[in-house]
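Residue numbers (my numbering): 1 to 156.
Quick look at the structure:
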């Protein structure tokens with residue numbers, strides 16, 4: 001249930017809900033209000049990440065610079081430990097959601113793996129990388145994880 005749906009359920013009796021504003025309009029208003037409290041969206045790759053905005057010490061950011069390009073890796077310590085133990089990784093790239101500074105030739109890449117628990121296998125996103133460029137060297141550098149030096153891209 002979304003925040004908007006929860007508020008409607010909490011504050012408007014069921015018989016009066018047909019009078020409530022449309023949900024998508026309420027979501028838009030709430031998002032615009034919350035935007036006032038977000039850090040300014042960077043216009044170039046030369047910016048400082050506001051770690052305090054994330055409100056989590058468990059979600060460290062690793063800043064990787066290659067030439068004049070910049071890549072930001074996001075993952076918790078637990079996610080990284082699971083990723084190191086998995087044998088197969090699945091990569092996915094999303095291009096439309098990236099910030100303007102990364103949009104020209106960048107992407108939001110995520111690395112997923114199947115995790116088994118209680119006899120069930122489920123795929124989970126374990127690493128997110130905001131990339132400003134999509135060259136082979138960039139993929140190799142952002143996929144090196146700690147001491148294990150596990151690399152997804154082969155040299156063929």
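Note that beta-carbon positions come from the ideal geometry of N, C-alpha and C, so glycine has one too. From a predicted model like this one, the values you see are computed outputs, not experimental measurements.
DSSP, reduced to helix, strand and coil, places residue 101 within a helical segment of the structure shown. Taking a contact to require three or more Cβ pairs closer than 8 Å, the stretch 41-51 and the stretch 91-104 qualify as touching. Straight through space, the alpha carbons of residue 84 and residue 118 are spaced by roughly 20 Å. Within the DSSP secondary-structure output, residue 113 pairs in a beta bridge with 124. Beta-bridge partners of residue 51 (DSSP): none assigned. Sequence-distant partners of residue 26 (beyond 5 residues in either direction) whose C-beta falls short of 6 Å from its own C-beta, in its chain, are 4.
Rounded to whole angstroms, the separation of the alpha carbons of residue 2 and residue 58 is 25 Å. The Cβ neighbour count for residue 24, taken over all protein chains shown within 10 Å, is under 16; the residue is labelled exposed. The straight-line gap separating the alpha-carbon atoms of residue 109 and residue 35 is approximately 24 Å.
Going by beta carbons, residue 93 and residue 132 fall outside the 7 Å limit. Judged by beta-carbon spacing, residue 63 lies within the 7 Å limit of residue 72, meaning their Cβ atoms are closer than that value. Residue environment for residue 120: exposed (fewer than 16 other C-beta atoms within 10 angstroms of its C-beta). Exclusion of the five residues before and after residue 128 leaves 74, 110 as the residues of its chain whose Cβ lies within less than 6 Å of its Cβ.
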